[in-house]
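Let me begin by presenting the structure, written as structure tokens, before commenting on it.
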Amino acid sequence: MNTITCPIPVQEREHIQLAHGGGGKLTQELIETIFYPAFKNDILEQEHDSAQIAMPGGRIAFTTDSFVVDPVFFPGGDIGELAVNGTVNDLLCSGAVPQYISVGFIIEEGFAINDLKKIVQSIADAARKANVKIVTGDTKVIERIHGNQIYINTSGIGSIPESVALSPKNVKHGDSVIVTGRIGEHGICVLSTRNSLGFETDIKSDTRSLNEIVRNLLKDIPQTRVLRDPTRGGLSSTLNEIAHTAGAGIEINEEALPISKGVESACELLGLDPLYIANEGILLVFVPGEYEKQALEIIRNSEHGADAMPIGKVIPDPAHRVYLQSAFGGKRVVEVLSGEQLPRIC
Amino acid sequence: MNQKEIYRDANYGKQLVTAIRKITTRPWKIMDTCGGQTHAIARYRIEEMLPPEISLIHGPGCPVCVTPADTIDTAIELALNNKNVIISTFGDMMRVPGSKYDLLTAKSLGADIRIIYSPLDALKTAMENPSREVILFAIGFETTAPVHAQVVYESSKRKIRNLSLLTSLFAVPPVLEHLFALPDFSVDGLLAAGHVCSITGLSDYHRLSRNYQIPISVTGFEPVDILYGIYTNIRQLEEADYSVCNAYSRMVPEEGNPKARLVLDEIFEPSVQNWRGLGSLPASGFKIKEKYKSFDTLKRYSIKNKCLIKDDGCIAGEIMKGIAKPVNCPHFGKACRPESPLGAAMVSSEGVCAAYYKYK
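Going down the list, the protein sequences come from chains A and B.
Its first residue numbered 13, the first sequence is counted upward by one per residue in the working numbering.
Its first residue numbered -14, the second sequence is counted upward by one per residue in the working numbering.
Right under this line is the structure:
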């Protein structure tokens, strides 16, 4: 005799639903099948409401950043690895050893679960590379707009060794400015993947964590003045911030800027200035002038530092401005970007 | 050395500067007529390299800067009042103020405004969104006008019904003639825009040079191009022998680009055009011909051009005529700044006010 059975609910879901952020069964399913297996570590497995971590005495660095990049997958990376690397690099810039990261997701209803899995995997991979643990997290789902967007917030903490005292206030006349890699790669890469651009490039995002450069540099040159990652607003914004805080001018040399042919051509074509383009995997390093050669050698011998270049120096300037010495001979002021840099037509 | 490196070669530049110094005996005012030239002059600090007798004036060289505020208002109103409309525009139009606000603000208020990199992108948007109305904010000089014409031509051929053009297209020789004829016009020499001439050819420029006894050098946009253009201008001025010098012959043939002009003439006809800062000038713009009127946004939506001259306190018109410098403007650096511009010349990085704000 046939028994009457209820239809079995579909267990395999392909897209995020509102209930995935509701705190109920579907949320649990995401945690157990996607997040825990990827992020697995002793602190996460405590399963407390908040992560409980033992910190050494002394100063800790604490930072937060949100990631809204569109598209979420781009040549050279995706939003997940960007979210880890961005926060790790922020910690590194204060001289900290990055240790713990939180990950908060805001996901649009309709987002493909397979894409979420890929992103979670790249978060896990990036965290492993940067030697940090994902110790807490959260997921919320918002109503569908386009069905393809995900936003990630990461916060991170790290401990600052006692010997380290990085600050833009330390910057002095005669200091050397070094950039650890080629500029503009991330911004141009993301821009070129937007379908309206109408041209293809092989430029890849430079998203990566820079632990080795910072570790080696601070070990051998504790006199290092300041480290900064020139992300949004590009080199110009970061240099202007440092000039302002240090109360000095900065003069950079256009010819010395490490820039790939691809980025250079894309900038010419779109009327963009590479100094204003976002970077994700490079640092600006300020060291006393006499350490320039040594710092350069250390950076170039570290992972992701091969293209490092000394690009300029700190000069006395009552206006605290940034100047660009052009190869052609003229010198111009490099202003902070106002608004978003938009392509020009003439 | 590749092409670009040759035209940015510092040694060649220095030789030209030396040659210019050698022949300059009197004060001369040279006017550029293209945002690309202004940009290069500012970027390479060309004015500082020149002898103090030479001053550089920045003429009407940017189609974005001379687009009237009421045309921007029209685009904003269409986008805000009609949820079915998609506005396609070049990025540098986004921050230019209309009489109330700019396109960027309209976008934040919910208008569907999309940045394009080529006018042909608008055609693609129209094909991909058949239930929407796409309005191409068609801005440009003779350089981009043929591409806008091509959009109309292609749309007509492919029977695309959901695309129209809000035109703000300008012809350069008529505005130059207007400036030359002004009683207080004191510019001595002209750097004509190479890319514009590569379409139009040089015949109008020969006539202007002859009639107004003014040297005209057609130049490119690299520093060496511009210095060479200034050199030929000064040489002619010092020798009192005026003509058109094609200093950009690698791009500009004497006859221009007849094919581009063919498609331009098929779609557009000369029309009166309002220039922001300069006013309404006869036959200085392009409007869509009757045959293609369904592609004309103004006709499609029965919009009357208000030809509104707004008193925003901006003196960009005087600056373009070479009469005033940005520092003469009472709003310069005060009410008018790059983040809150009163006029277009403060917005674009090549805008003359923006350049003065940054570099002086």
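No residue lacks a Cβ here, since even glycine has one placed at the ideal position from N, Cα and C.
With respect to the 8 Å criterion, residue 195/A and residue 286/A are classified as neighbours on the basis of their beta carbons. Restricting attention to beta strand (DSSP E) runs no shorter than 3 residues, the stretch 197 to 275 of chain A encloses them at 238 to 240, 261 to 265, ordered along the chain. Put simply, the CB of residue -5/B is near chain A, with a gap under 8 Å to one of its CB atoms. Here residue 272/B is buried, its C-beta having at least 16 other C-beta atoms within 10 Å. Three or more beta-carbon pairs separated by less than 8 Å are not found between the stretch 74 to 86 of chain B and the stretch 27 to 35 of chain B, which leaves the two stretches without contact. Close partners of residue 34/B in chain A (Cβ separation under 8 Å): 341, 342. Taking a C-beta distance under 8 Å as the contact criterion, residue 126/B and residue 101/B do not qualify as a contact pair. For the pair residue 42/A and residue 31/A, the CB atoms are not nearer than the 8 Å cut-off.
Secondary structure of residue 313/B (DSSP, three-state): helix. Contact check for residue 211/B against residue 26/B passes: the beta carbons are separated by less than 8 Å. If you draw a straight line from the Cα of residue 251/B to the Cα of residue 134/B, it is about 8 Å long.
Per DSSP, the unbroken beta strand (DSSP E) holding residue 150/A starts and ends at 145 to 154. Here residue 40/A is exposed. Its C-beta has fewer than 16 other C-beta atoms within 10 Å.
Taking 8 Å as the threshold, the shortest C-beta distance from residue 31/B to chain A falls below it. If the five residues before and after residue 128/B are omitted, its C-beta is found closer than 7 Å to the C-beta atoms of 180, 181, 184, all from its own chain and listed in chain order. Sixteen is the threshold: since fewer than 16 other Cβ atoms of the shown chains lie within 10 Å of the Cβ of residue 198/B, the residue is exposed. In its chain, beyond the 5 residues on either side, 249, 252 have a beta carbon closer than 6 Å to the beta carbon of residue 348/A.
Contact of residue 235/B with chain A is not assigned, every C-beta pair being separated by 8 Å or more. Within the stretch 130 to 158 of chain B, the runs of alpha helix (DSSP H) that reach at least 4 residues and sit entirely inside it are, in chain order, 130 to 142. With distances taken between CA atoms, residue 78/A lies nearest to 114/A out of 177/A, 255/A, 272/A, 114/A. In the DSSP assignment, residue 294/A is bridged to no other residue. Neighbours of residue 208/B in chain A, taken as residues whose beta carbon is under 7 Å from its own, are 340 in chain order.
Under a 10 Å Cβ-count criterion, residue 65/A is classified as exposed, with fewer than 16 other Cβ atoms of the shown protein chains found around its own Cβ.
Below the 8 Å Cβ cutoff, chain A contributes 340, 341 as neighbours of residue -2/B, in chain order. Under the three-state reduction of DSSP output, residue 120/B falls in the strand class. Contact annotation: the stretch 151 to 161 of chain A does not touch the stretch 59 to 75 of chain A, with fewer than three C-beta pairs closer than 8 Å. By the C-beta criterion, the stretch 99 to 113 of chain B is judged to be in contact with the stretch 144 to 151 of chain B, since at least 3 inter-stretch pairs fall below 8 Å. Setting aside the 5 residues that flank it on each side, residue 214/A is surrounded in the same chain by 274, each with a C-beta closer than 7 Å to its C-beta; the list follows chain order. Taking every protein chain shown into account, the CB of residue 173/B has 16 or more other CB atoms within 10 angstroms, so this residue is buried.
A straight line joining the alpha-carbon of residue 57/B with that of residue 88/B spans about 8 Å.
Assigned with DSSP and collapsed to three states, residue 17/B falls in strand. Contact annotation: residue 320/A and residue 198/A have beta-carbon atoms that are not nearer than 8 Å. With the criterion set as a beta carbon lying under 7 Å from some beta carbon of chain A, the members of the stretch 184 to 210 of chain B are 208, in sequence order. Where residue 326/A is concerned, the enclosing beta strand (DSSP E) starts and stops at 321 to 327. Pairwise C-beta distances place the stretch 269 to 285 of chain B in contact with the stretch 155 to 163 of chain B, as three or more of them are shorter than 8 Å. Separation of residue 166/A and residue 97/B (C-alpha to C-alpha, rounded to the nearest whole angstrom) is 31 Å.
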